[in-house]
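Using UniProt numbering, the first residue of the sequence shown is number 1, and each one after it goes up by one. Glycine included, each C-beta is placed from N, C-alpha and C at the ideal position. These notes concern the structure reproduced below.
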Amino acid sequence: MDTNGDCDSHLPLTSLCPSSPSPSSEGEMRECLENRTNGLVSSLPCLITLTTILTILMLYAPSPIPFNINAITRKKIHHRIDDEFTAKEESRRRTNIHPRSQKGNANDCDLFKGKWVFHQEFTPLYTNSSCHSIPVSKNCFMNGRKDEEFLQWRWEPEKCELPRFETKTFFSIVSGKKMAFIGDSVARNQMESLLCLLSQEEAPLDLYKDAKDRFRTWYFPRHNFTIMVLWTKFLVASEERGINGYPTGIFDLHLDKVDENWALKLPSQLDYAILSDSQWFFRKNYLYQRGQMIGCIYCKNESNVKHLDVGFAIGRALRLALTYINNCEECNRLLTLVRTISPSHFENGSWKTGGSCNKTSPFQGESGEEEGVAAAGDGEWAVRAVQMEEIGRARRRGEGRGRRFEVLDITRAMMMRPDGHPGIHWRNKKQKKGCNDCVHWCLPGPIDTWNDLLLAILRK
1 MDTNGDCDSH
11 LPLTSLCPSS
21 PSPSSEGEMR
31 ECLENRTNGL
41 VSSLPCLITL
51 TTILTILMLY
61 APSPIPFNIN
71 AITRKKIHHR
81 IDDEFTAKEE
91 SRRRTNIHPR
101 SQKGNANDCD
111 LFKGKWVFHQ
121 EFTPLYTNSS
131 CHSIPVSKNC
141 FMNGRKDEEF
151 LQWRWEPEKC
161 ELPRFETKTF
171 FSIVSGKKMA
181 FIGDSVARNQ
191 MESLLCLLSQ
201 EEAPLDLYKD
211 AKDRFRTWYF
221 PRHNFTIMVL
231 WTKFLVASEE
241 RGINGYPTGI
251 FDLHLDKVDE
261 NWALKLPSQL
271 DYAILSDSQW
281 FFRKNYLYQR
291 GQMIGCIYCK
301 NESNVKHLDV
311 GFAIGRALRL
321 ALTYINNCEE
331 CNRLLTLVRT
341 ISPSHFENGS
351 WKTGGSCNKT
361 SPFQGESGEE
371 EGVAAAGDGE
381 WAVRAVQMEE
391 IGRARRRGEG
401 RGRRFEVLDI
411 TRAMMMRPDG
421 HPGIHWRNKK
431 QKKGCNDCVH
441 WCLPGPIDTW
451 NDLLLAILRK
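Rendered as C-alpha cells:
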C-alpha cells in the first residue's frame with residue numbers, strides 16, 4: 001500500500017504493466033514483469049519480518065478484547081448447541097408421559113391406575129452384581145430364587161405411558177439437593193432401590209450409619225445430592241410394653257406427640273421428604289391422647305378398652321406428621337410426598353404363623369385389581385383411603401403458606417404383585433426356617449417402579 005492509500009499490492013502483477021501488449025512492446029512487457037518480480041522478491045524478507053512481528057503482537061500483547069476467530073466461532077456453536085439441548089430437554093419433559101389416546105394427556109393421566117404388562121425384552125436397570133448395596137434380606141437371587149420372569153412385568157397406566165427411570169434425568173433434577181425417606185423398613189426398601197438405580201451412574205459415599213443401622217446418609221459428590229433414611233415405626237412417639245423386662249411387641253402410641261427420632265433430625269433446607277407408615281400398626285397397640293388412653297387396635301377381647309381400627313391410628317399419626325412439616329419454619333422449599341400403604345401378601349398365616357407368598361406372576365387381566373384387593377384384604381385398601389384423605393387435608397392447609405404435597409400412590413399397583421416379595425428367599429434357610437418375608441420387596445423387583453413414579457412426579 002502506498003502513501004496515497006492505493007492498494008496496489010492487492011492487484012495482479014500484469015495490471016502494473018502495459019495492457020494488451022503488441023509485438024513491439026513485448027520486450028517492455030518482459031522487462032516490466034522482471035522488474036516487478038525482482039522488486040517483490042527483494043522485499044520478501046521485510047514482509048516476512050513484519051508479518052512475524054504483527055503475529056507476535058496479536059498473540060501476546062494485552063488486549064481488552066482478545067481477537068480469536070476460532071474462539072468466537074466455537075462460542076457461537078456451543079451457545080447454539082446449548083439452546084438446542086435446552087429446547088429438546090424442555091420438550092422431552094413436557095411429553096415424558098405420553099398419551100395413549102386422544103382422551104388422555106399428561107395432565108389428566110392417573111399414573112397410579114393401570115395394569116402390569118409382560119415384556120419379553122424388559123430387563124432391570126441393575127442386578128445384584130452391579131449394585132453392591134443390596135441388603136442380604138432383599139437379595140433374593142443370592143438367597144436362592146430361581147425364577148426371573150417376575151422382573152419382566154411393566155406397570156402401564158391406562159391413558160398414558162410411564163417412562164422408565166432415567167438416572168441422568170433424575171440427577172439433573174435433584175442436583176444440589178437433599179432427599180429423606182421417613183418411615184420404617186419398607187421406606188428403607190424404596191431408598192435401597194433408588195440407591196441401586198443411581199449407583200449405576202455414580203458410586204455414592206456412605207456418610208453416616210447409626211449403631212442399629214437405621215439412620216443412614218449417602219452422598220453423590222459429582223451431583224452434590226444427598227439421600228437419607230430417617231427411621232420411625234409410627235411417625236409418632238411410642239414405647240414398647242414389657243413383661244418382666246422382656247419386650248412384648250405391643251406399643252403405646254401417643255397420637256399427639258411426633259416421634260423426635262426423625263423430627264429433630266429433619267435437616268434444615270430439606271428439598272424432598274417421602275413420608276410413609278403402616279406396617280407396625282398391624283398389631284396390638286394402645287392409643288393415647290394428652291396422656292390418656294383413648295383406645296386400642298386389635299384388642300377386641302379387652303372389654304374395658306375402646307376398640308379402634310388401624311385406619312384411625314394411621315390417619316391420626318400421618319396427620320400429626322404432616323402438621324409438623326406444615327409448621328416447620330425451615331421447610332419453605334420442601335416437597336413432601338406421602339407414599340401410600342405397601343400391601344403384604346401372606347397366605348395361610350402371617351409372618352410368625354407360617355404365612356407364605358409363593359406366586360411367581362402378578363394378578364392379571366381385568367380381575368387383577370380385584371384379586372389383589374381380595375388377597376391383601378379390605379383393611380389395607382381402607383388404610384390407603386385414609387392416607388389419601390390426610391394428604392388432601394395437608395394440601396389445603398399448606399396452600400396459603402406455599403407448602404407442596406404430592407402422593408405416591410403405589411397401593412393399587414402393588415396389590416397385584418404377590419410375586420415380588422422375598423418369601424423364603426430373604427435369608428439363608430438355616431437361619432430362618434419356616435419364616436417368610438411377604439412384606440418387603442426383592443431387589444431388583446417391582447419396587448423399582450416406585451422410583452419410576454417418583455421421577456414422573458418430580459418432573460412435573
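* Check whether Pro422 and Asp437 have beta carbons under 8 angstroms apart -> With contacts defined as CB atoms closer than 8 angstroms, Pro422 and Asp437 qualify as a contacting pair.
* Neighbour-count burial assignment, Ala180, 16 or more Cβ in a 10 Å radius -> Ala180 is buried by the Cβ-count criterion.
* Per the contact definition of three or more C-beta pairs closer than 8 angstroms, is the region 337-352 in contact with the region 269-286? -> Yes, the region 269-286 touches the region 337-352.
* Asked: Distance, Cα to Cα, Asn70 vs Asp213?
  -> Below a pLDDT of 50, predicted positions are generally treated as unreliable, and Asn70, at 33, falls in that range; the measurement from the model is reported next regardless. The straight-line gap from Cα to Cα measures roughly 56 angstroms.
* Asked: With 16 as the cutoff for other CB atoms within 10 Å, does His425 come out buried or exposed?
  -> Counting the other Cβ atoms within 10 Å of the Cβ of His425 gives 16 or more, which makes it buried.
* Can you give me the Cβ contacts of Ile65 inside the same chain, cut-off strictly under 7 angstroms, excluding the 5 residues immediately before and after it? => For Ile65, the pLDDT reaches just 33, beneath the cut-off of 50, and the residue's location in the model is therefore unreliable, although a value from the coordinates is still provided. Scanning its chain for C-beta atoms nearer than 7 angstroms, with the 5 sequence neighbours on each side dropped, one finds no residue around Ile65.
* Asked: Around the Cβ of Thr55, are there at least 16 other Cβ atoms within 10 angstroms (buried) or fewer (exposed)?
  -> Below a pLDDT of 50, predicted positions are generally treated as unreliable, and Thr55, at 47, falls in that range; the measurement from the model is reported next regardless. Thr55 is classed as exposed because its beta carbon has fewer than 16 other beta carbons within 10 Å across all chains shown.
* **Beta-carbon proximity of Gln292 to Asp256, cut-off 8 angstroms** => Taking a C-beta distance under 8 angstroms as the contact criterion, Gln292 and Asp256 do not qualify as a contact pair.
* Asked: When you compare each of Cys296, Arg316 and Arg319 to Leu308 by their alpha carbons, which one comes out closest?
  -> Minimum Cα distance to Leu308 is reached at Cys296.
* Thr167 to Thr248 span [Cα, whole Å] -> Looking at the two C-alpha atoms, the distance is approximately 43 angstroms.
* DSSP-derived helix/strand/coil call for Glu166 -> Correct three-state label for Glu166: coil.
* Asked: Hey, quick one: how far does the beta strand (DSSP E) through Met293 stretch, first residue to last?
  -> First-last of the beta strand (DSSP E) with Met293: Gln292 to Ile297.
* Could you tell me which of Thr217, Leu205, Ala382 and Asn189 sits nearest to Ile227, measuring between CA atoms? => Cα-wise, what sits closest to Ile227 is Thr217.
* Asked: So what does DSSP say about Ser342, is it helix, strand or coil?
  -> Residue state for Ser342 is assigned as coil, using DSSP reduced to three classes.
* Asked: Buried or exposed: which applies to Ser268, given that a residue is buried once 16 or more other Cβ atoms fall within 10 Å of its Cβ?
  -> Its Cβ having fewer than 16 others within 10 Å, Ser268 is exposed.
* **Whole-angstrom distance between Phe281 and Ile314, CA atom to CA atom** => If I take the Cα positions, the gap works out to 7 angstroms.
* On the premise that Ser172 lies in contact with Asn224, defined as a C-beta separation below 8 angstroms, what is that separation, rounded to the nearest angstrom? -> In fact, because the Cβ distance is near 12 angstroms, the residues do not count as touching under 8 angstroms.
* Beta-carbon proximity list for Leu151, same chain, < 8 angstroms, skipping 5 on both sides -> Excluding residues within five positions, the ones whose Cβ falls inside 8 angstroms are Phe122, Thr123, Pro124, Pro444 and Gly445.
* **Delimiting residues of the alpha helix (DSSP H) encompassing Ser137** => Under the DSSP assignment, Ser137 falls outside any alpha helix (DSSP H); it carries neither an H nor an E label.
* Same chain, Cβ closer than 7 angstroms to Cys357, five either side skipped, listed in chain order -> Result list for Cys357: His345, Phe346, Glu347, Pro418, His421, Gly423, Asn436 and Cys438, in chain order.
* Quick one: does Val186 have its CB under 8 angstroms from some CB of chain B? -> Protein chains in the displayed structure number just one, and chain B is not present.
* To do: Measure the alpha-carbon distance for Leu453 versus Arg164 and round it to whole angstroms.
  => Going from the Cα of Leu453 to the Cα of Arg164 covers about 9 angstroms.
* Helix, strand or coil at Ile227 according to DSSP, with G and I counted as helix -> Note: Ile227 maps to strand in three-state DSSP.
* To do: Figure out for me which residue from Val229, Leu455 and Val236 has the closest Cα to the Cα of Tyr286.
  => Of the candidates Val229, Leu455 and Val236, the one whose C-alpha sits nearest the C-alpha of Tyr286 is Val236.
* Asked: Just the Cα atoms here: how many angstroms apart are Thr360 and Lys159?
  -> As the crow flies, the alpha-carbon of Thr360 is around 27 angstroms from that of Lys159.
* To do: Evaluate Asn332 with the Cβ neighbour count: other Cβ atoms within 10 Å of its Cβ, from every protein chain shown; 16 or more gives buried, anything less gives exposed.
  => Looking at its Cβ environment, which holds fewer than 16 other Cβ atoms inside 10 Å, Asn332 is exposed.
* Asked: What residues are listed by DSSP as bridge partners for Asp437?
  -> Asp437 pairs with Gly423.
* **Test item: CB-CB of Thr411 and Trp155 under 8 angstroms** => In this structure, Thr411 keeps its C-beta atom at 8 angstroms or more from the C-beta atom of Trp155.
* Asked: Mind checking Asp110: buried by the 16 CB within 10 Å criterion, or exposed?
  -> For Asp110, the number of other beta carbons within 10 angstroms of its own is below 16, and it is reported as exposed.
* Residue(s) in a DSSP beta bridge with residue 461 -> Any answer about residue 461 is impossible in this case: the structure gives the chain only from 1 up to 460.
* Residues bridged to His307 by DSSP? -> Bridge partners of His307: Cys296.
* **Sequence-distant residues of its chain with Cβ nearer than 6 angstroms to Leu230 (five each side left out)** => Same-chain partners within the cutoff: Ala180, Ile182, Trp262 and Lys265.
* Kindly identify the DSSP beta-bridge partner or partners of Ile243. => Looking at the DSSP output, Ile243 shares a beta bridge with Tyr246.
* Asked: Would you call Ser130 buried or exposed, if buried means 16 or more other Cβ atoms sit within 10 Å of its Cβ?
  -> Result: exposed.
* Neighbourhood of Leu253 by C-beta distance below 8 angstroms, restricted to the same chain and skipping five residues each side -> Closer than 8 angstroms at Cβ, skipping near neighbours: Phe234, Val236, Ala237, Ser238, Asn285, Tyr286, Leu287, Tyr288, Ala313 and Ala317.
* Please list, in chain order, all residues of the same chain as Glu371 whose beta carbon is under 8 angstroms from its beta carbon, the five residues on each side excluded. => So the list reads Phe363 and Met416, once near-sequence residues are dropped.
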